Each structure stands twice: as structure tokens, then as C-alpha cells.
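Asker: Pasting in a structure now, in C-alpha cells, and then I'll have a few things to ask.
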Amino acid sequence: MTSILKTACFGLALGFAASAAQAEEIKLGIAAEPYPPFTYPDASGKWQGWEIDFANAVCEEAGLDCVITPLSWDGIIPALKSEKIDMIVGSMSITPERLEEIDFSDKYYNTPTIVIGLKELDFDASPEGLSDKILGVQSSTVHQVYANKHFASGGTSIKEYQTQDEANNDLASGRLDAVQADAIALKAFLETEAGQACCEEKGQVADDIEVLGPGVGIGLRKEDTELKEKLNAAIATIRENGTYDAFSEKYFDFDPYGS
Amino acid sequence: MTTSPLPADETSRRESWLKPHRLVLILIAVALIAAAIIFGRWDWLPRYLPRLWSGLLVTLAMLFGSALLGFVLAVPLGLVQVTGPWWLKTPAAAFCTMIRGTPLLLQLWLLYYGLGSLFPMIPGIREFFLWPYLREAWPYGLAALTISFAAYEGEIMRGAFAGVPSGELQAARAFGMSPAKLLWRIWLPRALHRALPTLNGETVLQLKSTPLIATITVVDLYGVISRVRQETYLTYEPLFLLALIYMVLTAILVFAFRYFENRIPTRGI
Amino acid sequence: MIDWSLLALNPPGWGGVLLQGLLSTMEIAVGGYLLGLVIGLFGAIGKLHGGPLARDLLEVYTTVVRAVPELVLILILYYAGTDFLNKMLALLDYEAVDISGLVAGIFVIGIVQGAYSTEVIRGAIKSIPPGQIEAARAYAIPPAKILRRITIPAMLPYAIPGLSNLWLIATKDTALLAVVGFSELTLVTRQAAGTTKSYMLFFLAAGALYLAITLISRFLIGILERRSRRGLAGVN
Numbered sequence: 005m006t007s008i009l010k011t012a013c014f015g016l017a018l019g020f021a022a023s024a025a026q027a028e029e030i031k032l033g034i035a036a037e038p039y040p041p042f043t044y045p046d047a048s049g050k051w052q053g054w055e056i057d058f059a060n061a062v063c064e065e066a067g068l069d070c071v072i073t074p075l076s077w078d079g080i081i082p083a084l085k086s087e088k089i090d091m092i093v094g095s096m097s098i099t100p101e102r103l104e105e106i107d108f109s110d111k112y113y114n115t116p117t118i119v120i121g122l123k124e125l126d127f128d129a130s131p132e133g134l135s136d137k138i139l140g141v142q143s144s145t146v147h148q149v150y151a152n153k154h155f156a157s158g159g160t161s162i163k164e165y166q167t168q169d170e171a172n173n174d175l176a177s178g179r180l181d182a183v184q185a186d187a188i189a190l191k192a193f194l195e196t197e198a199g200q201a202c203c204e205e206k207g208q209v210a211d212d213i214e215v216l217g218p219g220v221g222i223g224l225r226k227e228d229t230e231l232k233e234k235l236n237a238a239i240a241t242i243r244e245n246g247t248y249d250a251f252s253e254k255y256f257d258f259d260p261y262g263s
Numbered sequence: 022m023t024t025s026p027l028p029a030d031e032t033s034r035r036e037s038w039l040k041p042h043r044l045v046l047i048l049i050a051v052a053l054i055a056a057a058i059i060f061g062r063w064d065w066l067p068r069y070l071p072r073l074w075s076g077l078l079v080t081l082a083m084l085f086g087s088a089l090l091g092f093v094l095a096v097p098l099g100l101v102q103v104t105g106p107w108w109l110k111t112p113a114a115a116f117c118t119m120i121r122g123t124p125l126l127l128q129l130w131l132l133y134y135g136l137g138s139l140f141p142m143i144p145g146i147r148e149f150f151l152w153p154y155l156r157e158a159w160p161y162g163l164a165a166l167t168i169s170f171a172a173y174e175g176e177i178m179r180g181a182f183a184g185v186p187s188g189e190l191q192a193a194r195a196f197g198m199s200p201a202k203l204l205w206r207i208w209l210p211r212a213l214h215r216a217l218p219t220l221n222g223e224t225v226l227q228l229k230s231t232p233l234i235a236t237i238t239v240v241d242l243y244g245v246i247s248r249v250r251q252e253t254y255l256t257y258e259p260l261f262l263l264a265l266i267y268m269v270l271t272a273i274l275v276f277a278f279r280y281f282e283n284r285i286p287t288r289g290i
Numbered sequence: 336m337i338d339w340s341l342l343a344l345n346p347p348g349w350g351g352v353l354l355q356g357l358l359s360t361m362e363i364a365v366g367g368y369l370l371g372l373v374i375g376l377f378g379a380i381g382k383l384h385g386g387p388l389a390r391d392l393l394e395v396y397t398t399v400v401r402a403v404p405e406l407v408l409i410l411i412l413y414y415a416g417t418d419f420l421n422k423m424l425a426l427l428d429y430e431a432v433d434i435s436g437l438v439a440g441i442f443v444i445g446i447v448q449g450a451y452s453t454e455v456i457r458g459a460i461k462s463i464p465p466g467q468i469e470a471a472r473a474y475a476i477p478p479a480k481i482l483r484r485i486t487i488p489a490m491l492p493y494a495i496p497g498l499s500n501l502w503l504i505a506t507k508d509t510a511l512l513a514v515v516g517f518s519e520l521t522l523v524t525r526q527a528a529g530t531t532k533s534y535m536l537f538f539l540a541a542g543a544l545y546l547a548i549t550l551i552s553r554f555l556i557g558i559l560e561r562r563s564r565r566g567l568a569g570v571n
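Protein chains in written order, with this note's numbering: chain A, 5 to 263; chain B, 22 to 290; chain C, 336 to 571.
The structure is reproduced here in C-alpha cells:
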């Protein structure tokens with residue numbers, strides 16, 4: 005108990021002074037939720053996944069001392085802007101809307117957007133198909149924006165979840181009829197026991213580049229142009245020297261970079 | 022709960038209220054609000070007003086629904102802990118301890134996601150007549166809030182039942198009242214009367230718990246503001262507005278309760 | 336049907352992660368509670384003996400904090416509060432500090448707890464028989480010493496019930512930090528549950544841990560209350 009007390013007092017008293025000294029650290033924000041196969045905690049509490057491998061490779065290439073900092077997804081852009089973190093590696097799509105707030109590195113992967121749904125229901129991923137369905141999306145995502153833009157007016161009732169795995173869980177429980185998210189993450193869910201039992205892919209949504217964006221990039225503050233150049237160079241290098249393909253092969257049998 | 026949300030003593034307020042430094046403070050407050058209005062971004066507000074209104078209704082429905090149901094549950098919970106047989110006393114006490122000893126957020130997630138994860142294992146649940154409600158999120162929110170209110174208020178009711186002077190109960194028995202009549206005519210009204218003043222504080226605490234239901238997809242006031250924050254990328258303005266709305270709601274609750282408390286006769290107590 | 340091995344302390348069990356989360360929860364709760372006590376002590380003295388301005392400002396602080404949901408306060412303090420602090424530091428020409436993790440959690444819980452502590456301690460100080468402090472003044476003991484030697488020891492028996500209740504609230508309020516993504520017990524539980532899909536098991540396990548904190552705390556508080564009341568008559 006006393007050691008906790010000491011830690012707490014120490015943290016209070018010196019936290020302000022001590023942490024200012026080590027300004028060289030780059031805080032790399034990730035969403036504090038399981039989002040397999042990109043980021044998920046393992047049973048020892050460490051973060052794993054394709055995107056963690058990617059982040060480590062980029063940081064090493066760019067010579068940055070990155071510290072993984074888990075945060076809640078729906079507050080990750082405010083956290084970036086208020087300098088709680090310095091970059092976002094969280095499967096964040098580059099969209100015009102977000103570009104007004106923050107900047108992005110070049111894209112590092114791209115995946116189509118799909119809808120999955122309950123097996124016993126027969127529908128497709130169109131506004132008509134989803135017209136009387138309950139669709140789950142994660143809040144603060146392009147899918148939330150997309151669903152509200154294209155499906156809400158057609159009578160789809162949209163439920164928003166703080167994390168993707170909670171939306172998936174509610175689909176498996178039958179509370180939702182369908183879930184919209186990116187194809188890689190949802191296919192990973194369909195391969196799990198719960199996913200296999202309940203659900204199937206219902207199809208890809210019609211593209212809307214304005215909302216869905218050209219791919220996923222590292223989120224950055226607008227003024228951090230130097231960091232952006234470093235990261236872009238590092239992404240290009242690991243694409244060329246085979247590092248990217250090497251860690252991708254551990255997770256996928258295709259190239260997630262997309263066209 | 023010993024933490025009442027607002028100070029009860031009025032002595033400071035009865036003194037001359039407007040002093041020079043208060044005028045300055047009020048001016049500063051007005052200037053701050055004016056600055057927030059002028060320099061903040063509020064163009065989103067008209068667009069979201071209808072949704073804020075419906076969010077407010079959800080919050081209020083949850084608050085009053087759970088407080089009412091919770092209070093109805095709290096009476097037997099308190100009573101059996103004072104006078105019940107051990108097989109009622111023990112579970113009631115254990116229930117209150119368990120609910121009061123764990124965070125409401127965890128209870129909420131246990132109810133909603135925990136129960137939800139069991140649904141696929143129950144065959145035929147989708148044909149069950151309550152399924153339309155089991156699919157929705159608000160029944161779980163209402164249930165969790167009700168249980169929480171019942172546990173806290175149950176503890177208070179226990180104290181209220183135990184605190185009724187035994188002489189009054191003995192007198193009622195001496196008059197030959199049956200146990201049921203004694204409970205209905207003497208014990209319950211006296212205990213309720215003792216517990217009523219705590220309702221104010223408990224209801225304000227309950228109001229402050231309602232935003233948690235937004236984490237299980239119920240779109241209450243807090244849920245609407247979260248939506249604003251995501252869509253506008255603003256942090257300060259929506260959150261300050263939200264805090265302001267809750268402050269106004271708390272103030273209304275406090276003054277409403279004070280008004281009603283003054284109308285309940287307290288002669289001879 | 337229930338896979339208990341998921342709770343094993345070493346991977347592939349998640350027990351170790353949960354205990355780590357419990358430790359974080361305890362660190363924030365203890366730190367936030369202590370910070371709250373410090374704020375509460377100064378707040379109470381300010382409310383009782385401060386100038387009219389200090390008194391009114393403290394009144395605003397305690398009223399606002401107690402009228403706004405903790406969840407909303409935590410969001411405001413977590414995003415706006417730390418941002419504001421950095422901007423103030425920048426204005427004063429200091430380098431921006433890194434307020435994240437533990438310090439942010441303690442700061443947030445401490446500010447919320449401080450408002451309640453202020454009221455509890457104020458009430459306790461007012462319960463001290465005024466003669467005791469008057470006697471000390473008559474002996475010309477300096478005010479700081481009166482505070483240290485008379486006021487604080489004498490108010491403790493009156494303050495302990497309220498302050499113990501605040502401690503129990505502090506342990507439960509830390510769970511709200513899960514909503515801003517702070518890795519304490521509730522959030523790691525949510526992550527473990529989401530990853531393994533064993534929602535029931537992990538939420539119940541976390542509930543048991545919180546309950547254990549409460550029950551152990553209550554036991555210790557009971558001892559403390561009995562000790563603090565030695566030699567006093569009629570204090571509840």
C-alpha cells in the first residue's frame with residue numbers, strides 16, 4: 005500500500021516536471037479496443053496485430069522512439085489535437101472531413117467496406133436491402149457517416165457503438181440485423197466461432213470516395229510537417245524493401261495495401 | 022449516502038446577497054459566457070436542437086422511470102432487512118452490498134453485453150414474446166439504473182424502518198392492530214416520511230448516473246452530445262453545453278424537491 | 336460452458352491483466368483520493384476562514400462539480416482541463432507538460448473528489464466545539480500550528496464517516512475513466528471480454544474484484560472508526 009501511495013505522490017509531484025524532460029518520445033495513439041486483426045491485446049496485456057507490426061516497422065525506419073498509447077476511439081482526434089498523442093495509427097481512413105481537422109501520412113492500407121448480416125435474413129448491402137433493418141456501426145468512423153448518409157433516409161435504423169467488437173457481439177446476439185465496417189476486420193469476425201454461427205457477408209457497399217476516402221493513413225497534427233515527411237519516407241521504404249510484405253504475410257494471404 | 026449534492030445551509034444566502042465582489046464575479050461570469058458565445062463555434066446548435074430535445078426526454082424518462090421503480094423496490098428491500106426471516110434478510114442485504122460495492126458502469130455492461138452474449142446459446146429466444154424488448158438497449162439501461170437506485174435507497178429505507186420509535190409500534194400492537202395493518206397504517210408511513218428528505222440527494226445522484234446508459238447505445242442527452250462531438254470535431258462547446266444542461270436539471274430538481282418538502286407537514290416529528 | 340482457465344494468472348489466462356488493471360485502479364483511486372483530501376482541506380479552510388471572494392469561488396467549485404455528472408466532468412477535465420493547463424503553462428512561458436496516463440487520471444478524480452471532501456471536512460471542522468480552538472488562540476498558538484495540532488486531529492472523528500464514503504465512491508468512479516480509454520480494471524475487463532467473447536465471465540470477475548475492494552475497505556474503515564472515536568462520547 006505504501007508503495008502505491010509513494011507512486012501516487014511521486015507521480016503527482018514529479019509527473020509534471022519529469023515527463024517534460026523526455027520530449028523526444030513520440031506518442032503513438034491506438035484505439036483501446038480489440039480490433040482484430042489490426043490491433044488487439046493479448047492475454048499478457050500487450051498490443052498485437054498487423055497495425056502494431058506496421059507501426060513498429062515505420063517507427064524503426066524513421067528512427068522514432070514510439071510509445072504505444074491506447075485511448076478511446078471516439079476521443080482520439082481531440083487527443084491528437086490537444087497533444088496527448090502525436091500520431092494515430094488506428095485504421096483511420098483519410099477523408100476530406102477529417103483533413104479539415106488533422107493531416108494524414110500517405111495511405112498504408114486500403115480495404116473495401118462491406119456489410120455482414122444474420123444468416124436467416126436475406127438482403128444485400130444496398131439502401132433498399134437494408135431499408136427495414138437494424139444496422140450497427142462504430143461511432144466516429146467513416147461507416148457511421150456513410151450509413152447515416154446513404155441508409156438512414158431509407159428507413160434503416162442505425163445503432164452506434166463505442167467499439168467494433170461490441171457491435172459484432174450485438175450482431176451475434178441477434179440484437180442487430182447487420183453490421184457495416186471494413187472488409188478485413190469483418191471477415192476476421194466471420195471466421196470466429198460466433199461469427200460462423202450467426203452471420204455471413206451480405207456484400208460490398210456502393211463506393212463513395214467523399215466519405216470512405218482513398219485508404220488508411222497515419223493521423224497527424226497539421227503543423228507536424230517534419231514528422232509527416234519522415235513517416236511518408238518510412239512507409240515508402242518499408243513498402244520497397246519487403247518489410248511491409250514480410251509482416252503482412254503473417255496475417256493475410258493478399259496485399260492489404262490495395263490498388 | 023452522506024454526500025448531498027447541494028449545501029443545505031441557507032445562512033450565507035440570507036445575508037445581503039449582492040456584495041461588491043459578487044458583482045465583479047457575476048460580471049466576469051457574464052464576460053466568460055459572452056466570450057464562449059462569441060468565440061466558440063455554435064453554428065451546429067440549431068441543427069441538433071430537435072435531437073437534443075429528444076435526448077433530454079430520454080434522460081428524463083430514464084431518471085424518473087428508474088427512480089420510481091427503484092423506490093418501489095427499495096421499500097420491501099429495506100423492510101425485509103429489518104424484520105424479515107433470515108432467508109429474505111440475507112439475500113436482500115447481499116444484494117444491496119453487491120450493487121453498492123461495484124461500479125454502475127460495470128453492472129450496465131454486464132447486463133447488456135453479458136446477457137447479450139448468452140442469447141445465441143438460448144434456442145428459440147427470437148420467438149420469445151419479450152424479444153422485441155430484449156433487442157432494444159433501453160430496457161437494460163432502465164433495469165441497471167433501477168437496480169442501482171433500489172440498492173442505495175433500500176439501504177436508506179432499512180435505516181428508516183429501523184428508526185421508527187418502537188414505542189409507536191408497541192402502541193399500535195396494544196390497540197390490537199394486525200401486523201399487516203400496523204405496517205400499512207403506522208410503520209410504512211412513518212418510515213417513508215423519514216426517508217423522503219433523502220430522495221432529493223438520491224435523485225440528483227441518479228440524474229448524474231444516467232449518462233452511463235449512452236455507453237450501451239441508448240441515445241440520451243449525453244449520447245446526442247457525443248454525436249455532436251464526433252460530427253463537428255468540437256470538444257469544448259458541446260461538453261460545456263452538456264455540463265450547463267445538467268446543472269440546470271440539477272437545480273430544477275433541487276428546487277422542486279425543496280418546494281414539495283416544505284408542503285409535507287412535519288409537525289410532531 | 337464456462338472456461339475458468341481464461342482467468343489464469345499467466346497467459347493464455349487473462350488473470351494477470353485483470354490484476355494489473357486492478358493495480359491501476361487502486362493507484363488512481365488512492366492518488367485521486369489523496370489529492371481530493373488536500374483540495375478538501377484547503378477548500379474547507381477557505382470556505383470557513385477565507386475572504387468573501389475565496390468563499391464564493393469555492394462555493395462555485397463545489398456546486399458545479401456536484402451538479403454535473405462525473406462522466407461529463409471526467410471528459411471535460413480529461414480533454415479540456417489538461418489542454419487548458421498546457422495553454423496556461425505556455426502563456427507563462429513554460430514548456431508544455433505531458434499529462435497523460437496516471438497523472439491525468441489522478442488529476443481528474445482528485446478534482447471531483449475535492450469538491451465532496453471540501454463539504455465533508457467543512458462540516459467536520461464546524462462540529463469541533465469552538466472552545467477548543469478559542470482556547471488554542473488564547474494561548475497564542477500560531478494559526479498553522481492550531482491547524483496541525485488542534486483542528487485536524489479534532490475534526491477527524493467527525494470527518495471519517497464521510498471521508499470513508501468518499502473513498503468507496505473514488506474506487507468506483509475510477510471505472511468511468513474506461514470511457515476515455517484509460518487502462519484501469521473496467522477497461523481491461525472490457526478488452527478481455529471483447530477479445531475472448533466471454534463477456535459474462537470477465538464482467539463477473541471484475542465485479543468480484545471491485546466488491547473485494549469495497550469489503551476490505553469497509554473492514555479497515557470499521558477499525559479506523561473505532562480507534563478514532565476512543566475517548567469521545569456521542570459522536571456518530
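Positions of the beta carbon are idealized from the N, C-alpha and C atoms, including for glycine.
For clarity, every value in this text was computed on a predicted model and none was experimentally measured.
Given that Y44 (chain A) touches chain C, what residues does it touch there, using C-beta distances under 9 Å?
Answerer: Q526, G529 and T530
Asker: Between A541 (chain C) and D249 (chain A), what straight-line distance do the alpha-carbon atoms span, to the nearest angstrom?
Answerer: Their backbone Cα atoms lie some 40 Å apart in a straight line.
Asker: Return helix, strand or coil for G178 (chain A), following the three-state DSSP convention.
Answerer: coil
Asker: Short check: CB of P38 (chain A) to CB of G351 (chain C), under 8 Å?
Answerer: No, Cβ-Cβ distance for P38 (chain A) and G351 (chain C) is not below 8 Å.
Asker: Any beta carbon of chain C sitting closer than 8 Å to that of L139 (chain B)?
Answerer: Yes, L139 (chain B) lies at the interface with chain C (some Cβ there is under 8 Å from its Cβ).
Asker: Counting only the same chain and skipping the five closest in sequence on each side, list residues whose C-beta sits under 6 Å from that of G99 (chain B).
Answerer: G175, M178, R179 and F182
Asker: If V515 (chain C) and G79 (chain A) are in contact, beta carbons under 8 Å, what's the gap, nearest whole angstrom?
Answerer: Between V515 (chain C) and G79 (chain A), the beta carbon gap of about 6 Å places them in contact (Cβ cut-off 8 Å).
Asker: Nearest by alpha-carbon distance to P100 (chain A): which of A:L224, A:G217 and A:G262 is it?
Answerer: A:G217
Asker: In angstroms with no decimal places, state the Cα-to-Cα distance between I279 (chain C) and G466 (chain C).
Answerer: Nothing can be reported for residue 279 (chain C), as the shown portion of chain C is limited to 336 through 571.
Asker: Just to confirm the assignment: which complete beta strand (DSSP E) runs, minimum length 3, are found wholly within the segment 32-82 of chain B?
Answerer: none
Asker: Three or more beta-carbon pairs under 8 Å between the segment 64-80 of chain B and the segment 227-246 of chain B, yes or no?
Answerer: yes
Asker: Residues of chain B with a CB under 8 Å from the CB of E405 (chain C): which are they?
Answerer: The answer, in chain order, is K229.
Asker: By alpha-carbon positions, which one of B:R121, B:P200 and B:R43 ends up nearest to G105 (chain B)?
Answerer: B:P200
Asker: Report back the beta-carbon spacing between Y165 (chain A) and Q142 (chain A) to the nearest angstrom; my notes put them in contact at under 8 Å.
Answerer: 5 Å
Asker: Restricting to Cα atoms, I'd like to know which of A:S109, A:L180 and A:C202 is closest to S95 (chain A).
Answerer: A:S109
Asker: With distances taken from CA atoms, which of A:T196, A:I242 and A:I92 is nearest T531 (chain C)?
Answerer: A:T196
Asker: In chain C, which residues lie with their C-beta within 8 Å of the C-beta of E170 (chain A)?
Answerer: G529
Asker: In terms of residue numbering, what span does the beta strand (DSSP E) encompassing T73 (chain A) cover?
Answerer: C70 to L75
Asker: Please compile the residues from chain A whose C-beta is within a distance smaller than 8 Å of the C-beta of G351 (chain C).
Answerer: A47, S48 and G49
Asker: Does the Cβ of D136 (chain A) have 16 or more other Cβ atoms within 10 Å, making it buried, or fewer, making it exposed?
Answerer: Classified as exposed, D136 (chain A) has fewer than 16 neighbouring CB atoms from the shown chains inside 10 Å of its CB.
Asker: Would you give the residue range spanned by the beta strand (DSSP E) that S359 (chain C) belongs to?
Answerer: Taken as a continuous stretch (DSSP letters only), S359 (chain C) belongs to no beta strand (DSSP E), being part of the alpha helix (DSSP H) at G350 to H384.
Asker: At 3 residues or longer, what runs of the beta strand (DSSP E) sit wholly inside the segment 197-228 of chain A?
Answerer: 203-208 and 220-224
Asker: What residue does the beta strand (DSSP E) around Y142 (chain A) start on, and which one ends it?
Answerer: The sequence given here has Gln at residue 142 (chain A), not Tyr. Run containing Q142 (chain A): I138 to Q142, per the beta strand (DSSP E) assignment.
Asker: When you compare the CB positions of L127 (chain B) and Y545 (chain C), do they come within less than 8 Å of one another, or not?
Answerer: yes
Asker: Return the chain-ordered list of same chain residues with a C-beta closer than 7 Å to the C-beta of G76 (chain B), the five sequence neighbours on each side being excluded.
Answerer: The beta carbon of G76 (chain B) sits closer than 7 Å to the beta carbons of V240, D241, L242, G244 and V245 from its chain, once the five residues preceding and following it are set aside; these are given in chain order.
Asker: For the segment 490-503 of chain C and the segment 272-288 of chain B, state whether three or more C-beta atom pairs, one from each stretch, are separated by less than 8 Å.
Answerer: no
Asker: So what does DSSP say about T117 (chain A), is it helix, strand or coil?
Answerer: strand
Asker: Sort C:Y451, C:S518 and C:V523 by Cα distance to T397 (chain C) and report the nearest one.
Answerer: C:Y451
Asker: Using a cut-off of 9 Å between C-beta atoms, extract the partners of S95 (chain A) located in chain C.
Answerer: Within 9 Å Cβ-Cβ: nothing; S95 (chain A) doesn't reach chain C, min ~16 Å.
Asker: Judging by CA-CA distance, which residue of A:I242, A:E124, A:V62 and A:V119 is the nearest neighbour of D211 (chain A)?
Answerer: For the residues A:I242, A:E124, A:V62 and A:V119, the minimum Cα distance to D211 (chain A) belongs to A:V119.
Asker: Using a Cβ-Cβ cut-off of 8 Å, state whether P124 (chain B) counts as contacting chain C.
Answerer: Taking 8 Å as the threshold, the shortest C-beta distance from P124 (chain B) to chain C falls below it.
Asker: Let me know the secondary structure DSSP gives Q102 (chain B) once reduced to three states.
Answerer: It is helical.
Asker: Check G15 (chain A) in the structure and name its three-state DSSP category.
Answerer: With a pLDDT of 44 at G15 (chain A), under the threshold of 50, the modelled position of this residue cannot be trusted; read the value that follows with caution. It is helical.
Asker: Check whether the Cβ atoms of K382 (chain C) and L372 (chain C) sit closer than 8 Å, and answer yes or no.
Answerer: no
Asker: Considering just the uninterrupted stretch of the alpha helix (DSSP H) at I246 (chain B), what are its terminal residues?
Answerer: L242 to T253
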